[in-house]
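Residue numbers (the numbering used here), protein chains in the order written: chain A, 161 to 577; chain V, -8 to 274.
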């Protein structure tokens, strides 16, 4: 290093500032290169699937690709009367082509989500368009089924001709577009999702509350017991944490079912008659008990790590200043544990709200969560757009709580075991 | 926690009441796991204790459900798949995660918090969402219903554990050790293998164990991504519980509890070794 007129430089005459920046830059690149392979992997195996799902929740390709001619003709339609001959001619051509390519099922199902009966209307019409050789097409189509004179159907086709749609999101919260394109509530008998979202939210809150109630005393005991014993007791917390989720759900079935162990004990003790065995599973109780058991360690561990840092002499000082035990606890110890309560509660809540397996196995009819409907639409009804929309809404909720968690506690402080 | 000498009468009573409450909560935590072990030796196809079991008659107990497990091709195929998938995804997650953790713990790392949040996200995003998303994407690129698809999915789920444990180990790593190695003439590669690696090994191994058990236990994502070829133990249990509820599941559950005890012991030993190597405890 030598001193020149302008300032400090390295031996080669490069200003020190520039040289330092170069080294920093090199170190940054080196660090980034180490992270890059994993980053690339996660983008392919995790981020892109999530983005793909988000796109699918608004994706609407069926009508505008499979009924392309009809859609083009409907551009100039006034929207108030039955469309004219040109539109019907386009429809017949689209249906003929679709029937030949055997891909009308997609568009038929898509339109059927919005107006039930569309699937059969389209398949029926497509089957018979083969016989229509020449015009007038309007008359011929109305001959096949006069439902085509219904303006609502044409409005639906025009509305859904957009390559992107909000219909799935609306359906996921029990709303829909009416024939004028305004957002209205679904008919009462079709409303399920709002209620399920609300139930999932409240059940998750209840589970979080139960975990806090049961976890707080245990964390307190672990943090205030000599290390020799607390290490031993910690194993009792970690063992269920490490045990398979399915195993834990299975044992609750064995314990809680009507011919299960708990009912046997109650009957054996004479507390219950043989015929009045309690149903504690395949309902809300089953979900609450099994999920509290499964998520309890996630509450205990953050609470414990916070309580561990509270010096025991704070309580003693409060006592020596004349505070009764309860007051000392409430005014001194409890406020110090609030960060742990926050961390544990948000963690348990995030995990609870997205749980699928346990509610599906022990929840019965009234203990299931919104996640069960994602699975239902993925596997049974095959309405993937709706599944993607429900999953996306759930994802936004979880991300919101994750950001709060990150702001309050920081992801760096996540501890395991 | 002992009763202090200045404790008043009600406090002494509360002290014992508190102990009883804690004992009950511990029973709630561990009891269900212990109940399942004797039940798996039931001679009858019931999920509850029979008269014969309660009176300790030898013919109330049997190994028939274990025999059932070890002679069933479905279960054996599932165990083979589970082990194969868990090992492959653990290896991948451990290698990628450890290298990334080295970069993440460098103080020059740009966008550290954002990248860290992204790497933890597979742990936070509900499994059903990851499962659905991977199903959509993997069927687009032809990975659905393949071993590779399941392995990639499980690697993504295991990565947060490896990253968390290894960065935690590295955060308490004393960087003067690498400088000492360099000043003694070791090149960076030699320093990595002779100094850094032995010290972070406990973190790497416990991260790998977490990744392994995550893959071994995982059912939601497999449910979506796998085909009939890739049935794993959790899938087999899942359909067992849903369809024909047979005590074979209890035998499997017992073996899984034993497996988790084994893993837990390994982790505890690793933790002690790591503390000893850092001189944190006299060992």
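Ideal Cβ positions, reconstructed from N, Cα and C, are used throughout, including at glycine. Quantities reported herein were computed from a predicted structural model and do not represent experimental measurements.
- Query: If we cut at 8 angstroms on Cβ distances, does residue 88 of chain V have a partner in chain A?
  - Reply: Numbered from 1 along the second chain, position 97 holds the residue referred to as residue 88 of chain V. Output row for residue 88 of chain V: interface = yes.
- Task: Between the Cα of residue 222 of chain A and those of A/394, A/308, A/329 and A/264, spot the shortest distance and give me the residue it belongs to.
- Result: Translated into positions along the first chain, residue 222 of chain A becomes position 62. With distances taken between Cα atoms, residue 222 of chain A lies closest to A/264.
- Query: Which of helix, strand or coil does DSSP assign to residue 254 of chain A?
  - Reply: As a first step, residue 254 of chain A must be located in the first chain, where it is residue number 94. For residue 254 of chain A, the secondary structure class from DSSP, reduced to helix, strand or coil, is helix.
- Pick from A/345, A/277, A/272 and A/178 that is closest to residue 320 of chain A, judged by C-alpha positions: Indexing the first chain from 1 puts residue 320 of chain A at position 160. Nearest option by C-alpha distance: A/272.
- Going by DSSP, what residues sit across from residue 336 of chain A in a beta bridge? Counting from one through the first chain, the residue named residue 336 of chain A turns up at place 176. Beta-bridge pairing links residue 336 of chain A to A/344.
- Message: I need the boundaries of the alpha helix (DSSP H) containing residue 223 of chain A, first residue and last residue.
- Response: Residue numbering aside, residue 223 of chain A sits at position 63 when the first chain is read from its first letter. Per DSSP, the unbroken alpha helix (DSSP H) holding residue 223 of chain A starts and ends at 221 to 226.
- Message: Is residue 445 of chain A near the ligand NAP - that is, is its Cβ less than 7 angstroms away from at least one heavy atom of it?
- Response: The ligand NAP is not among the ligands present in this structure, which contains no ligands whatsoever.
- Task: Would you identify the three-state DSSP class for residue 52 of chain V, choosing helix, strand or coil?
- Result: Against the second chain, residue 52 of chain V aligns to sequence position 61. Three-state DSSP puts residue 52 of chain V in a strand.
- Between residue 534 of chain A and residue 551 of chain A, is the Cβ-Cβ spacing less than 8 angstroms? Locating residue 534 of chain A in the first chain gives position 374, counting from the first residue. Locating residue 551 of chain A in the first chain gives position 391, counting from the first residue. Using a Cβ distance threshold of 8 angstroms, residue 534 of chain A and residue 551 of chain A count as a contacting pair.
- Item | Among A/332, A/298, A/249 and A/448, the one whose alpha carbon lies nearest that of residue 544 of chain A | Translated into the one-based positions of the first chain, residue 544 of chain A becomes position 384. Ranked by Cα distance from residue 544 of chain A, the first of A/332, A/298, A/249 and A/448 is A/332.
- Task: Note down, in chain order, every chain A residue with its Cβ under 8 angstroms from the Cβ of residue 2 of chain V.
- Result: In the second chain, the residue the question calls residue 2 of chain V occupies position 11. At a C-beta separation below 8 angstroms, residue 2 of chain V has these neighbours in chain A: 485.
- Query: Span of the alpha helix (DSSP H) holding residue 264 of chain A?
  - Reply: On the first chain, position 104 is the one that residue 264 of chain A refers to. Per DSSP, residue 264 of chain A belongs to the alpha helix (DSSP H) from 264 to 274.
- Query: For the 8 angstroms Cβ check, are there 3 or more pairs between the segment 48 to 56 of chain V and the segment 177 to 189 of chain V?
  - Reply: Judged by pairs of C-beta atoms under 8 angstroms, the segment 48 to 56 of chain V does not touch the segment 177 to 189 of chain V, as fewer than three such pairs exist.
- At a Cβ threshold of 8 angstroms, is residue 415 of chain A touching chain D? Although the question refers to chain D, the structure presented lacks it and instead comprises the protein chains A and V.
- Have a look at A/415, A/372 and A/497 and flag the residue whose alpha-carbon is nearest the alpha-carbon of residue 470 of chain A. Against the first chain, residue 470 of chain A aligns to sequence position 310. Out of A/415, A/372 and A/497, A/497 has the C-alpha closest to the C-alpha of residue 470 of chain A.
- Message: Taking the straight line between their C-alpha atoms, what separation do you get for residue 517 of chain A and residue 412 of chain A?
- Response: What you label residue 517 of chain A is simply residue 357 of the first chain in a count that begins at 1. What you label residue 412 of chain A is simply residue 252 of the first chain in a count that begins at 1. Residue 517 of chain A and residue 412 of chain A: Cα-Cα distance of roughly 13 angstroms.
- Message: Quick check: is the beta carbon of residue 265 of chain V nearer than 8 angstroms to any beta carbon in chain A?
- Response: Taking the second chain and counting its residues from 1, one reaches residue 265 of chain V at position 274. Output row for residue 265 of chain V: interface = no.
- Query: residue 42 of chain V lies in the alpha helix (DSSP H); which residues open and close that run?
  - Reply: Along the second chain, read from residue 1 onward, the residue named residue 42 of chain V stands at position 51. Counted as a single uninterrupted DSSP element, the alpha helix (DSSP H) harbouring residue 42 of chain V occupies residues 42 to 45.
- Measure the C-alpha to C-alpha separation of residue 24 of chain V and residue 7 of chain V and round it to an integer number of angstroms. For this step, residue 24 of chain V is matched to residue 33 along the second chain. For this step, residue 7 of chain V is matched to residue 16 along the second chain. Looking at the two C-alpha atoms, the distance is approximately 26 angstroms.
- Please check the pair residue 454 of chain A and residue 405 of chain A, which I expect to be a contact at CB under 8 angstroms, by giving their CB distance rounded to whole angstroms. Along the first chain, read from residue 1 onward, the residue named residue 454 of chain A stands at position 294. Along the first chain, read from residue 1 onward, the residue named residue 405 of chain A stands at position 245. Rounded, the Cβ-Cβ distance is 6 angstroms, consistent with contact.
- Have a look at residue 160 of chain V and residue 431 of chain A and give me their C-alpha separation to the nearest angstrom. Locating residue 160 of chain V in the second chain gives position 169, where the first residue counts as 1. Locating residue 431 of chain A in the first chain gives position 271, where the first residue counts as 1. Near 54 angstroms, if we compare the C-alpha coordinates of residue 431 of chain A and residue 160 of chain V.
- Which residues in the same chain have their Cβ closer than 7 angstroms to the Cβ of residue 658 of chain A, if we skip the five residues on either side of it in sequence? Summary: the structure shown does not reach residue 658 of chain A, with chain A confined to residues 161 through 577, and so no result is reported for it.
- Item | N- and C-terminal bounds of the alpha helix (DSSP H) containing residue 266 of chain V | Here residue 266 of chain V refers to the residue found at position 275 when the second chain is read from its first residue. Residues 239 to 268.
- Pick from V/30, V/75, V/-6 and V/130 that is closest to residue 55 of chain V, judged by C-alpha positions: Taking the second chain and counting its residues from 1, the one referred to as residue 55 of chain V is at position 64. Ranking V/30, V/75, V/-6 and V/130 by Cα distance to residue 55 of chain V puts V/30 first.
- Residues near residue 451 of chain A by beta carbon distance below 7 angstroms, same chain, minus five either side: What you label residue 451 of chain A is simply residue 291 of the first chain in a count that begins at 1. Non-local C-beta neighbours of residue 451 of chain A in its own chain, meaning closer than 7 angstroms and more than five positions away in sequence, comprise 367, 512, 515 and 518, ordered along the chain.
- Taking C-beta to C-beta, are residue 248 of chain V and residue 407 of chain A nearer than 8 angstroms? To locate residue 248 of chain V, count along the second chain from 1; it is residue 257. To locate residue 407 of chain A, count along the first chain from 1; it is residue 247. Taking 8 angstroms as the Cβ cut-off, residue 248 of chain V and residue 407 of chain A qualify as a contacting pair.
- Message: Closest to residue 473 of chain A by C-alpha separation, out of A/465, A/456, A/460 and A/492, would be which residue?
- Response: Locating residue 473 of chain A in the first chain gives position 313, counting from the first residue. The residue with the shortest Cα to Cα distance from residue 473 of chain A is A/492.
- Kindly say whether residue 216 of chain A, judged by its beta-carbon, lies nearer than 8 angstroms to any beta-carbon of chain V. Start at 1 with the first residue of the first chain, and residue 216 of chain A comes out as number 56. Taking Cβ atoms only, chain V reaches closer than 8 angstroms to residue 216 of chain A, which makes this a yes.
- Query: In chain order, what residues of the same chain have a beta carbon less than 6 angstroms from the beta carbon of residue 242 of chain A, not counting five sequence neighbours either side?
  - Reply: Counting from 1 along the first chain, the entry for residue 242 of chain A is found at position 82. Cβ neighbours of residue 242 of chain A beyond the five flanking positions: 309.
- CB of residue 222 of chain V within 8 angstroms of CB of residue 68 of chain V, strictly: To locate residue 222 of chain V, count along the second chain from 1; it is residue 231. To locate residue 68 of chain V, count along the second chain from 1; it is residue 77. The Cβ-Cβ distance between residue 222 of chain V and residue 68 of chain V falls below 8 angstroms.
- Query: Should residue 338 of chain A be flagged as near chain V, meaning a C-beta pair shorter than 8 angstroms?
  - Reply: Walking along the first chain from the start, residue 338 of chain A turns up at place 178. Closer than 8 angstroms to the CB of residue 338 of chain A there is not a single CB belonging to chain V.
- Quick one: list the residues of chain V neighbouring residue 456 of chain A, beta-carbon separation under 7 angstroms, in chain order. As a first step, residue 456 of chain A is located in the first chain; it is residue number 296 there, counting from the start. Residues of chain V passing the Cβ test: 20.
- Item | Secondary structure, alpha helix (DSSP H): runs of 4+ residues fully inside the segment 315 to 400 of chain A | Taking only runs of at least 4 residues, the alpha helix (DSSP H) segments lying wholly in the segment 315 to 400 of chain A are 327 to 332 and 353 to 383.
- Message: Along the segment 93 to 108 of chain V, where does the CB come closer than 8 angstroms to a CB of chain A? Name the residues.
- Response: Going along the segment 93 to 108 of chain V in chain order, one finds 93, 94, 95, 97, 99, 100, 101, 104, 106, 107 and 108 with a Cβ nearer than 8 angstroms to chain A.
- Message: For the structure I just gave you, are there three or more beta carbon pairs, one from the segment -5 to 4 of chain V and one from the segment 137 to 147 of chain V, closer than 8 angstroms?
- Response: In short, these stretches do not touch, since the Cβ pair count stays below three.
- Task: May I ask you to report which of helix, strand or coil DSSP gives residue 283 of chain A?
- Result: Walking along the first chain from the start, residue 283 of chain A turns up at place 123. DSSP places residue 283 of chain A within a helical segment (H, G or I) once states are collapsed to three.
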